[in-house]
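In this note's numbering, the protein residues as written are -19 to 90.
To keep things clear, I will list the structure first and then write my remarks on it.
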């Protein structure tokens, strides 16, 4: 794939969800996610899951998602497409211009 990502290839409207932690009655935290914006993205399924190994955890990268850079993006956020939920495992400046982000994601639910 070339470093230039054609705008027309971004055909999925995804929602960015940010986490919010709320104290519960037993001294713990309950994490919920709230929408903070939408953007057009290109979703590329991986034919074989790549495994990330960090801190003894293994996570499977099931999709690469490309989208316009989003200020304040963190790996704790999620992306959704309809009922599909993608956890962001890592992300990078795809084209080294600050215009396009490539997020390595794991699909975690529907």
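Positions of the beta carbon are idealized from the N, C-alpha and C atoms, including for glycine.
### Query
Given that a residue counts as buried once 16 or more other Cβ atoms are within 10 Å of its Cβ, and exposed if not, what is residue 77?
Classification of residue 77: exposed, given that the 10 Å Cβ count is below 16.
### Query
CB-CB under 7 Å to residue 58, same chain, minus the five flanking residues each way: which ones, in chain order?
Excluding positions up to five away in sequence, the list reads -3, 13, 65, 66, 67 and 68.
### Message
Here's the rule: buried if 16 or more other CB atoms are within 10 angstroms of the residue's CB, otherwise exposed. What is residue 80?
### Response
Flag for residue 80 reads buried.
### Task
Would you check if the distance between the CB atom of residue -6 and the CB atom of residue 60 is smaller than 8 Å?
Against a cut-off of 8 Å, the Cβ pair of residue 60 and residue -6 comes out as a contact.
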